[in-house]
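When the letters of the sequence shown are read in order and numbered with our numbering, they come out as residues 682 to 890.
Note that the Cβ used here is the ideal one computed from N, Cα and C, for glycine as well.
Worksheet for the structure shown next.
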Amino acid sequence: MSLLDLTVQATISLVVLVDPIFRAIFFRVLTENEPENRAKYVRRLMVVIAVILLGSALVGKFLLDLIGINLGAFGIIGGLVLVLMGFEMLFAGRPSRAQGGAAAAEAHPVESAADQIIVPYAIPFMAGPGAITTVITISTAGEGFQGTIAAVIASVIVVALIPVGHLVLVNRIRFSEQGLSLAQKFGGLFVATIGAQLMLSGVQTFYGF
Numbered sequence: 682m683s684l685l686d687l688t689v690q691a692t693i694s695l696v697v698l699v700d701p702i703f704r705a706i707f708f709r710v711l712t713e714n715e716p717e718n719r720a721k722y723v724r725r726l727m728v729v730i731a732v733i734l735l736g737s738a739l740v741g742k743f744l745l746d747l748i749g750i751n752l753g754a755f756g757i758i759g760g761l762v763l764v765l766m767g768f769e770m771l772f773a774g775r776p777s778r779a780q781g782g783a784a785a786a787e788a789h790p791v792e793s794a795a796d797q798i799i800v801p802y803a804i805p806f807m808a809g810p811g812a813i814t815t816v817i818t819i820s821t822a823g824e825g826f827q828g829t830i831a832a833v834i835a836s837v838i839v840v841a842l843i844p845v846g847h848l849v850l851v852n853r854i855r856f857s858e859q860g861l862s863l864a865q866k867f868g869g870l871f872v873a874t875i876g877a878q879l880m881l882s883g884v885q886t887f888y889g890f
């Protein structure tokens, strides 16, 4: 497979998995009370995702093998976080604590978007096990360093698309109160489904079937 083929394959896969454009709807919910800080959060998000994807492309497989972390186990735990986050959004009718919404119980204080932008929004919601696995898989494909170069190029493209969705499109999203509630419920279902899929994929990877 040529470098161009690997790069196209890696880019398409990462754009679908990380979804830097359309996941802006969740970023809008997360930063609903802090619109003035969105640019700062996007810069932070770009740095974190760039480090994760580029690090995975360059040293990911070696590092995981070195410290004995199984990608399947990572997928199971990352998926569980998303499932719990999605359930809270779906049944509470509002964004979960993980999405920057009000706490489910009064005993828990409301957390700001700054507390959530890294975990779980950047990890594992955007740069999750699927994206990491894809980058590592592509980086080991092809001849010589072709796979690594393709994975790095794809990662840079995905990171460059983050401000397009999270700063340009997010300012054009307008919801009524009912529309926002519906979007949050639908988003909760979507997030929980992604989480369940990651958990199942993690189990398959962990047990090798």
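Here's the rule: buried if 16 or more other CB atoms are within 10 angstroms of the residue's CB, otherwise exposed. What is residue i?
i: E769; result: buried
i: V791; result: The predicted position of V791 is uncertain, since its pLDDT is 48 and thus under 50; no value can be drawn from it.
i: A771; result: Correcting the residue identity first, residue 771 is Leu in this sequence and not Ala. Flag for L771 reads buried.
i: R724; result: exposed
i: R704; result: buried
i: I819; result: buried
i: G825; result: exposed
i: T815; result: buried
i: Q797; result: buried
i: A720; result: exposed
i: Q885; result: exposed
i: T692; result: buried
i: A788; result: In this prediction, A788 has a pLDDT of 37, which is less than 50 and means its spatial position is unreliable; what the coordinates show is noted afterwards. It is exposed - the Cβ of A788 has fewer than 16 other Cβ atoms within 10 Å.
i: G749; result: exposed
i: F743; result: exposed
Assuming residue i and residue j form a contact by the criterion Cβ under 8 Å, report the distance between their Cβ atoms to the nearest whole angstrom.
i: G823; j: M682; result: 6 Å
i: N751; j: F887; result: 6 Å
i: V729; j: G868; result: 21 Å between Cβ atoms; not a contact.
i: L761; j: G846; result: With a Cβ gap of about 26 Å, L761 and G846 do not count as contacting.
i: I830; j: L684; result: 6 Å
i: Q878; j: L687; result: That belief does not hold up - the Cβ atoms of Q878 and L687 are roughly 25 Å apart, past 8 Å.
i: I702; j: L850; result: 7 Å
Distance check for residue j and residue i, CA to CA, integer angstroms please.
i: S862; j: M727; result: 28 Å
i: V697; j: N718; result: 26 Å
i: A812; j: T712; result: 24 Å
i: A832; j: I817; result: 8 Å
i: V732; j: Q690; result: 21 Å
i: G841; j: L735; result: According to the sequence provided, residue 841 is Ala. The question's Gly does not apply to it. Those two C-alpha atoms are separated by around 13 Å.
i: P805; j: L763; result: 8 Å
i: Q859; j: K866; result: 11 Å
i: N714; j: S793; result: 9 Å
i: G767; j: L739; result: 32 Å
i: P716; j: A803; result: 18 Å
i: V699; j: V800; result: 15 Å
i: F871; j: L745; result: 29 Å
i: I843; j: I706; result: 12 Å
i: A906; j: G741; result: Because the chain in this structure spans residues 682 to 890, residue 906 falls outside the shown range and cannot be described.
i: G753; j: A873; result: 18 Å
i: G883; j: F708; result: 26 Å
| task | Say whether the region 835-844 touches the region 742-761, bearing in mind that this needs 3 or more beta-carbon pairs closer than 8 Å, one atom from each stretch. | result | no
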